[in-house]
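**Q** Position 60 (the sequence shown) corresponds to 60 in the UniProt record's numbering; numbering is contiguous. Built from N, CA and C at the ideal position, the CB exists for glycine as well.
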Amino acid sequence: MDSITNALNLQEMEALTARLVEMGVQYGLSIVGAVLILIGGWIISGWAKRGVQRALARAGLDETIRPVLGSVVRYGVLLVTLIVVLNQFGVQTASLIAVLGAAGLAVGLALQGTLSNVAAGVMLLILRPIKVGEFVEAAGTSGTVKSIDLFTTELATADNVYISVPNSAIFGQVITNYSRNPTRRLDLTLSIDYEDDMDKAIALARDVMEGDPRILAEPAPVVAVKALGASSVDIAVRGFATTADYWPAYFDITKRLKERCDAAGISIPFPQQVLTVRGGRMPEPEPEATSS
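(1) Quick one: what does DSSP say tyrosine 250 is sitting in, helix, strand or coil?
(2) Within the same chain, show all residues whose beta-carbon is closer than 6 Å to that of alanine 138, passing over the 5 residues directly before and after it, in chain order.
(3) Please determine if the segment 259-275 and the segment 240-247 are in contact, where contact requires at least 3 C-beta pairs separated by less than 8 Å.
(4) Can you tell which of Glu195, Leu190 and Pro213 has the C-alpha that lies nearest to the C-alpha of alanine 203?
(5) Whose CA, out of Arg185, Ala205, Asp197 and Ser179, lies closest to the CA of glycine 133?
(6) So if DSSP puts proline 166 in a beta bridge, which residue, or which two residues, is it bridged to?
(7) Who are residue 295's beta bridge partners in DSSP?
(8) Can you check whether the CB of threonine 153 is closer than 8 Å to the CB of valine 145?
(9) Mind checking which residues open and close the alpha helix (DSSP H) that includes valine 208?
(10) Between the alpha carbons of alanine 224 and arginine 214, how many angstroms are there, rounded?
(11) Tell me whether alanine 241 sits in a helix, a strand or coil according to DSSP, three-state version.
(12) Out of curiosity, what's the CA-to-CA distance linking aspartate 196 and aspartate 187?
(13) Please report the residue range of the beta strand (DSSP E) in which leucine 174 lies.
(14) Applying the 10 Å Cβ sphere with the 16-neighbour rule, what's the burial state of proline 271?
(15) Let's test the definition: count the other Cβ atoms within 10 Å of the Cβ of arginine 58 and tell me whether it reaches 16, buried, or not, exposed.
(16) Report, in whole angstroms, the separation of the C-beta atoms of glycine 41 and valine 77, which I expect to be a contact under 8 Å.
(17) Between Gly239, Phe135 and Asn87, which lies nearest to alanine 34 when the distance is taken from Cα to Cα?
(18) For phenylalanine 270, report the span of its beta strand (DSSP E) as first-last.
(19) Can you tell me whether glutamine 273 is buried or exposed? The criterion is at least 16 other CB atoms within 10 Å of its CB, across all chains shown.
(20) Between which two residues does the beta strand (DSSP E) holding alanine 138 run?
(21) With 16 as the cutoff for other CB atoms within 10 Å, does arginine 185 come out buried or exposed?
So this is what it looks like as structure tokens:
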């Protein structure tokens, strides 16, 4: 009886071993195939992204849109790769898509803030209030736009500090674009002493503006008295320059105004106050007490 039992157990063990070997071969090949498909899909998605960006660049498409379209193609290839991998294991993709749809709805409700960034990124790409390479002020910060992705916009400040701003923060607030218009107006203030000749200072400032080739003739520069300040007569000095020449012209003209005022004997006063005592003389200061 024991021999019969041992024989049956041996047969069961052999059958189980054979089954495990068969399953190992079957699923092992599937796992190896799935890994190879994942690696191939990852590599192909990168190639597809770079190829699309190069093709769009040759087609002359704006640099702002090229990275986004390249990312969309990459994620599309990865999605197809995932479906192929699931087919390797016999998963019914039709049922999976329905499950993913329901899960996507739940995830969408949980990630409303993230999805708002995606929606804002799409609107930024459609309306184009900012482009790559432009200097803008948005969401409380300013810098040159480096890239616009589906979730964030990357900026580099004037001192080359990297800043990543959520798209919803940019699209939901006022955007100031300093690079969009081809020209900008320089606004300078020349403050002179009340005893100086205003007409002489105005002529001097106008000569400086008209003598700089970066200041456009149309619209013509404007030099006029702007305000009678507490310590000075303030003269507005305004003129238009191209956006590229704005800061070089601003710095050079500021320096040249100071040099011309010094040469002409026109002073730029420090803040000062005049004290007038009415109804009598100011009391004399008491002498300091001397120690005996």
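**A** Taking the definition as stated:
(1) helix
(2) Ile170 and Ile175
(3) no
(4) Leu190
(5) Ser179
(6) Thr152
(7) Beyond the ends of the chain as shown, which are 1 and 292, falls residue 295; an answer cannot be given.
(8) yes
(9) 198-211
(10) 20 Å
(11) strand
(12) 22 Å
(13) A quick correction: the sequence has valine, not leucine, at residue 174. Segment: none, valine 174 is in no beta strand (DSSP E) and carries neither H nor E.
(14) exposed
(15) exposed
(16) 6 Å
(17) Asn87
(18) Here phenylalanine 270 belongs to no beta strand (DSSP E), and DSSP marks it neither H nor E.
(19) exposed
(20) 135-138
(21) exposed
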